[in-house]
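Data block below; observations after.
Protein chains: 4
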Amino acid sequence: MNMFQPIFDVRDLRGGISSLPIANEPIFDVAHLAHVELLTPDLEGTLCFFKDLLGLEETERSARSVYLRGYEEQYHHSLKVTAAASAGLGHIAWRTRSPQALQRRVAAIEETGLGRGWSKGDAGHGRAYQFETPEGHRMELFWEVDYVTPPAGKETLLRNRPQKRPAIGVPVRRIDHVNLFAAKREGIRDFLVDLLGFRERERVVEEDGSILASFLSVTNLSHDIAMVPEGTKMRGRLHHVCFHYTSVQHVFDIAELAREADLKVEFGPGRHGIGGATFVYILEPGGNRIELMGDPGYMIFDPAWRTVVWQASEFPNAAAWTGAPPPDSFLTYGTPLAEEREAVPAAEPLVQA
Amino acid sequence: MNMFQPIFDVRDLRGGISSLPIANEPIFDVAHLAHVELLTPDLEGTLCFFKDLLGLEETERSARSVYLRGYEEQYHHSLKVTAAASAGLGHIAWRTRSPQALQRRVAAIEETGLGRGWSKGDAGHGRAYQFETPEGHRMELFWEVDYVTPPAGKETLLRNRPQKRPAIGVPVRRIDHVNLFAAKREGIRDFLVDLLGFRERERVVEEDGSILASFLSVTNLSHDIAMVPEGTKMRGRLHHVCFHYTSVQHVFDIAELAREADLKVEFGPGRHGIGGATFVYILEPGGNRIELMGDPGYMIFDPAWRTVVWQASEFPNAAAWTGAPPPDSFLTYGTPLAEEREAVPAAEPLVQA
Amino acid sequence: MNMFQPIFDVRDLRGGISSLPIANEPIFDVAHLAHVELLTPDLEGTLCFFKDLLGLEETERSARSVYLRGYEEQYHHSLKVTAAASAGLGHIAWRTRSPQALQRRVAAIEETGLGRGWSKGDAGHGRAYQFETPEGHRMELFWEVDYVTPPAGKETLLRNRPQKRPAIGVPVRRIDHVNLFAAKREGIRDFLVDLLGFRERERVVEEDGSILASFLSVTNLSHDIAMVPEGTKMRGRLHHVCFHYTSVQHVFDIAELAREADLKVEFGPGRHGIGGATFVYILEPGGNRIELMGDPGYMIFDPAWRTVVWQASEFPNAAAWTGAPPPDSFLTYGTPLAEEREAVPAAEPLVQA
Amino acid sequence: MNMFQPIFDVRDLRGGISSLPIANEPIFDVAHLAHVELLTPDLEGTLCFFKDLLGLEETERSARSVYLRGYEEQYHHSLKVTAAASAGLGHIAWRTRSPQALQRRVAAIEETGLGRGWSKGDAGHGRAYQFETPEGHRMELFWEVDYVTPPAGKETLLRNRPQKRPAIGVPVRRIDHVNLFAAKREGIRDFLVDLLGFRERERVVEEDGSILASFLSVTNLSHDIAMVPEGTKMRGRLHHVCFHYTSVQHVFDIAELAREADLKVEFGPGRHGIGGATFVYILEPGGNRIELMGDPGYMIFDPAWRTVVWQASEFPNAAAWTGAPPPDSFLTYGTPLAEEREAVPAAEPLVQA
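Protein chains in written order, with my numbering: chain A, 1 to 353; chain B, 354 to 706; chain C, 707 to 1059; chain D, 1060 to 1412.
Shown next, in the form of structure tokens:
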């Protein structure tokens, strides 16, 4: 029987096996998505959504911002919600794998001119190196982080969990990934791959081979970050942030609670082709699109994973392997809204390291 | 508000942050669990279980062995089933992250004296370095692997999947982890950590601090491998191999099919404390214990994860956070059976590299 | 606290409580939907769908027809599939609650002129009284039925189940309901209520109060039968037949298998407003629309249930409380296809009782 | 092919088909389980369980009692919780199918001497006829009932639901059934069948044919009420009350919340053989055993259903088709506790009709 042919020849790797120099080995310096900052013009509504429907715990609050995390998350926060004139992305924070890894990545970014310098840190983590993607999305890298101790009365017997599971809403377990609008996907994809060590797991291409959408990760998840086409002249816009459940039943449960709360359930429930997770997309009261996923879809353990390529004509299957295709709004709606011309808030003053 | 105290001080890391030399960074050389070889005295029954109930695909067959994989797995096989006088573990294979990583790990193992040398490979993968754990479990490391192309008639439109989802049994998606009996858990734990780069994610300890059970991974899964106490004088025994589903509904579905097939459903359905996955344990017709898990439980992205420690007195919660505690057999039954005195089959002749 | 007002005054019942004569009590003569006959121009494809994907068991086969049932169904069959030039509905069979109940219903139908007389029965059941709805859908009532004994090798230890659960496809448990096109919904609704004792559970009405859709049952299910608008001059067309699962996970599983089998998944997964069940609609190879539901939605135990009324403007919520609204085809596609002008096959010769 | 033999000969019915007199037709006078009254020595704790974990809505409160219902229930209440010295059953209320049905059942009960007379009703329903089972469990029958209007701010767009789905705990949809201890199961079984029109759906028998447990319903559910052996000299004790979810995922979710709330999860999650529902049993803070079921198991539509008979030796399968067998406490623990000798509270004064 010879029905299986290798579809991947390890000799295709640059340099060949025997001669592959260590310098060509992958970068493992970025560990994972640590937190996202969302801007909202309706702080109270947004908090109500994340706390009462998604069961996020508030760990700290400052004048303009509230810090939240899922009940299985150990860091100080995975979501920072900040009052602002417009909805949108504040910043995305990645934790490195070690202090040295942080130094290496900072050195690499500084060469690109996209670095913005060191902040002195924020509630819950130490100093962070801030930079922008070529598309203007603010990001930061850090190493030092604060862990939570259980809030009083929320101690659990489950020793791998920082607190009891909340008895409110349909509580998410953790943040999963972020999806951004980008005018030039090749540029931001290359930035993430070359500078931060992301691997491109899947992409959707036009007939001419140009990238319509790209999905990348540094973890075993199918994507920690993704980019879709920006159709306006705006930069740095957010498509969505995703949080994680255990099962598709939870996806249906939260979709129903969202309906009952008069929130817009924009797309789903369904099952993505790309990544394979079951999903639903809801607009939170501040206007940001939030994805809730029911299981992690497939995971990627193969260290030589070859990027899965979808043609643009296959987009319906890629977007919804089961369930209705996405509505038009899914391809265009983002935050800040295209009508809004307000700038995102000025960055906090930076402390140069 | 000061209710959160950091429970982890990064300065506790050996050497401190600023002075941590690169040489002290983690080993990332082992990528994941690639396949397991199971021995069975009832080859036909064992194949019926894996193919007709778990929906594994057969990719190749030799005189004594059959090679199988889940419908979301891209490698040639994740399970090799080999006819033998007794049930038990054949070997466990890990894929490295690169050819260089393989060379580094081999060099490290060879210093321990536990290395057995290079095999010329097997169906589906290139040459592999074989060795034994301090407890006598056979393992191997390899880099070169064959990928599958879809069997004729099983091509799918889902481009990240190598073939259609089977319409048989309750098909598993992929292999998840392996669990071994070990007389001295510290020894094998240290071997995995120091030589192969595993991180210990959770452990159960006796009052004196000695290790009752240990759970380790190189991936974002809570464990790729685990060890529990060996109560006999036998060495190298298998506790179980685990395969992965999407939801707890699948766990109930396969438990019911197993009942209908007159197989022993030993433990579960339930939800583990350790790892947090929903589970059921079934004895396959050859006698090996197989776990089916419904979701991945929690995942670990924190690069400085501190091992979760359970006291032996907390074992019931650790074993079953929801559901009945494990039956006594779960603590003692393994393969080969304790009564059996037959040796595992002689290793294949090795080709020294 | 007085926030709850009765929304139903029992004195509204015709005649009032104390004077309500026994003759005004509900009719309990029809017990449930016993089976449906589907016509198919692709007998082999249709059987493959029902047997290999839905796990129905074949109990008997005649020259043109095959008799099938779910693994939790005790009667000889709940589905009869008959080869024909066009897809569509053969007939719908209801079992009465007793022999006397059968006699009473037959007497009532005979007065309407819609009766067609007694058949001598069919494989699996005794003589049946055949009739047509005012819209030309063929129905029958019967009392005597054959029960199955487990097929050899399929005996189960589960004493309330006639056989083992199949290890194939995503097996349905039982038939659930049928949905018909009708030009005049009031007429067929009144026929079912007045002659057969159905209760109207929900309805969708136009602004002028005329019925757009009606959902009725004789059981505790929210509907055993439903009617939607016929937009062509054809009569007796089928909208869909529904089969039942346990959970929404199964709905996603079968949707995926249908995608892999190149079948059209027309609508869903989602959750209906009306009835509240999770669902997916698939076109079987013969062209008939089949619904698979994941849980029974809400059940009705109230003997004085007041029909739930939706305005036509609320149809999107009524059709899909969660999930995308139905595609246009859902409102128009039926079997036989609107293009087809072929008559359904001539009725079998009847034996007058 | 003749592999199917009828296992039920309709001519076995008393009198035969043709001569069966109308008087021998089944009684349809009792419609369903309307509500249960639970006694609790810890009113606050019990309310916390039902409101904060099970999401029941409070509709009214009196000096000693609180009235609750599930979010899909239309009546004033399905659960009345009453402060008392001991946990246990207050009473069980059945709604009849019509006012006449109520009169017929009262007349039948009065002949037995087990009637206690008419109460003037309670919050949420009109006058009720009270009686005791031969085992001393208090029951009542009524017809007039109050329906809820949605609490202010809880109005929903889902027209078949009286209010929004709660965003708290894991909210149950409705009450399902009640299970009682009985010294003589034949006696109470016959009482329910002959006087109230229940059908016995399943039973477990000793070797001598005597009844160990019996499961009966008037609805399409597999049981509305069940009886298990009373091993003490006490009478009228409660085994459990069951509430209903949609899926086994909810069963796991509530089991976890119960663990987090330091409640005893006594048995499950698992799947019953009898009835076929997925389940978990939790002791509420007042001490009463509460079952949560994830799907309705199989339903019974057959009007000539033959009682499923399990031998006592098959009890493990009957109790848990999947999952661990019940712990010993499941067979003996009930409320009031066996140690308690306190009488249930004196019945309210009755108003003779």
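Virtual Cβ for every residue (Gly too), placed ideally from N, Cα, C.
Quick caveat, the model's predicted, so the values are computed rather than measured.
C-alpha gap between residue i and residue j, whole angstroms
{"i": "G796/C", "j": "H843/C", "result": "8 Å"}
{"i": "D1312/D", "j": "H250/A", "result": "10 Å"}
{"i": "P727/C", "j": "D1088/D", "result": "With a pLDDT of 36 at P727/C, under the threshold of 50, the modelled position of that residue is not reliable, and no figure is offered here."}
{"i": "C1301/D", "j": "Q483/B", "result": "56 Å"}
{"i": "K617/B", "j": "L927/C", "result": "36 Å"}
{"i": "V1368/D", "j": "L1271/D", "result": "11 Å"}
{"i": "S916/C", "j": "G1172/D", "result": "52 Å"}
For residue i, the three-state DSSP class (helix, strand or coil)
{"i": "A1024/C", "result": "helix"}
{"i": "Q780/C", "result": "coil"}
{"i": "I1284/D", "result": "strand"}
{"i": "R1123/D", "result": "coil"}
{"i": "D681/B", "result": "coil"}
{"i": "L180/A", "result": "strand"}
{"i": "T1041/C", "result": "strand"}
{"i": "I643/B", "result": "strand"}
{"i": "A31/A", "result": "strand"}
{"i": "R1233/D", "result": "strand"}
Residues bridged to residue i [DSSP beta-bridge criterion]
{"i": "M492/B", "result": "I445/B and F484/B"}
{"i": "K264/A", "result": "L283/A"}
{"i": "Y853/C", "result": "Y781/C"}
{"i": "K786/C", "result": "E743/C and Y773/C"}
{"i": "W1177/D", "result": "Y1188/D"}
{"i": "L1275/D", "result": "E1259/D and I1284/D"}
{"i": "G623/B", "result": "F632/B"}
{"i": "H1299/D", "result": "N1238/D"}
Cutoff 8 Å: residue i Cβ touching any chain A Cβ
{"i": "T952/C", "result": "no"}
{"i": "A1226/D", "result": "yes"}
{"i": "E692/B", "result": "no"}
{"i": "L1200/D", "result": "no"}
{"i": "A672/B", "result": "no"}
{"i": "E1096/D", "result": "no"}
Cβ-Cβ distance between residue i and residue j below 8 Å
{"i": "K433/B", "j": "E390/B", "result": "yes"}
{"i": "L157/A", "j": "N670/B", "result": "yes"}
{"i": "V924/C", "j": "H738/C", "result": "yes"}
{"i": "R64/A", "j": "A93/A", "result": "no"}
{"i": "E1289/D", "j": "F1240/D", "result": "yes"}
{"i": "T59/A", "j": "Y67/A", "result": "yes"}
{"i": "A167/A", "j": "D1321/D", "result": "no"}
{"i": "T938/C", "j": "R259/A", "result": "no"}
{"i": "P1386/D", "j": "F1338/D", "result": "no"}
{"i": "Q74/A", "j": "P162/A", "result": "yes"}
{"i": "V1307/D", "j": "S953/C", "result": "yes"}
Cutoff 8 Å: residue i Cβ touching any chain C Cβ
{"i": "R271/A", "result": "yes"}
{"i": "G1335/D", "result": "yes"}
Chain D contact for residue i (CB, 8 Å cutoff)
{"i": "T1041/C", "result": "no"}
{"i": "V618/B", "result": "yes"}
{"i": "I728/C", "result": "Only weak support exists for where I728/C lies, its pLDDT of 39 falling under 50; the value from the coordinates is given anyway. Closer than 8 Å: yes."}
Proximity test, Cβ basis, 8 Å: residue i and chain B
{"i": "T219/A", "result": "yes"}
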